[in-house]
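What follows is a single structure, written as structure tokens, with notes after it.
In the working numbering, the protein residues as written are 979 to 1216.
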């Protein structure tokens, strides 16, 4: 969430993007109250999954300190996650991107530099952020991502059109422990423990110290499995 590299200075676009950000924040809150979260399409972000599976998504990596123990934790519990990778980080650590793929996880596109507010970028820059990341992931892993998550969940009509034009499916989330803020293991654990069938969880392995995230997931993953919840990756076709 907080991995931005520099401010976007186009004021009108910035204000519009911020307004959309807060509208989507309210929309996500409504998803928590729904019996089933919105599944989405190529023109609208997915906030949930079909069926009763839950999805763990990991953003802002790969990171040499936090991605390896995250992969070890997931492997210990047989959990497959969806990693939304930043292109610059893939360029720096292609071996970690390959390790994510080799471990059986799904890889999605999370932009090249994680600029924020993402929706304030002009269309050519939006397209470049997405397309450059596609190339970095393809060069590192040999696979072409089919999923995209906007940095900060900062969607707009232009972002959604650009995502669709790039042949990608937009993915948001339902459960957000705000682990990128490092609010404490107890708070992250409490939020994650409330996950229900069909929901998408947002966590991070990059952008800062992720020790709290790892500690919380270490406690929560067996707890959720013990409740009979099954981890699935994000559906690529909608």
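Positions of the beta carbon are idealized from the N, C-alpha and C atoms, including for glycine.
Predicted model, so just to flag it, every value in this text is computed and none were measured.
Separation of the CB atoms of residue 1045 and residue 1039 is rounded to 5 Å, and the pair is thereby assigned contact status at 8 Å. Per the coordinates, the alpha-carbon of residue 1167 lies some 11 Å from the alpha-carbon of residue 1202. If the five residues before and after residue 1084 are omitted, its C-beta is found closer than 8 Å to the C-beta atoms of 1058, 1059, 1060, 1061, 1125, 1211, 1212, 1214, all from its own chain and listed in chain order. By the Cβ neighbour-count rule, residue 1183 is buried, with 16 or more other Cβ atoms within 10 Å of its own. Pairing residue 1067 with residue 1193, the inter-Cα distance amounts to about 23 Å.
Listed in chain order, the non-local C-beta contacts of residue 1123 below 6 Å within the same chain comprise 1085, 1086, 1087, 1115, local neighbours out to five positions each way being set aside. A Cβ-Cβ contact shorter than 8 Å links residue 1141 with residue 1108. The alpha-carbon of residue 1072 is positioned some 14 Å away from that of residue 1043. Collapsing the DSSP output to three states places residue 1052 in a helix. Judged by DSSP in its simplified three-state form, residue 1089 adopts coil rather than helix or strand.
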